[in-house]
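S.K.:
In UniProt numbering, the protein residues as written are 1 to 48.
1) Determine the DSSP secondary structure at residue 31, reduced to helix, strand or coil.
2) Taking only the alpha-carbon atoms, compute the straight-line gap between residue 51 and residue 22 and give it to the nearest angstrom.
3) Out of curiosity, what's the CA-to-CA distance linking residue 46 and residue 26?
4) By the DSSP assignment, the alpha helix (DSSP H) with residue 12 in it spans what residues?
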């Protein structure tokens, strides 16, 4: 498992926990989180 993969996992888990705890399922925030996760995933895929 690379450092980038671990960071991606941590980011995803942190985002989910944050959304659950703050109960803000606001579309803008969710879209931003998905967009950021997609960018990280793309970087990881291109890196391998």
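Yeah, the Cβ is synthetic: ideal placement off N, Cα and C, and Gly gets one too.
M.R.: For this structure:
1) helix
2) Lying outside 1 to 48, the shown extent of the chain, residue 51 is not represented and no answer is given.
3) 30 Å
4) 3-22
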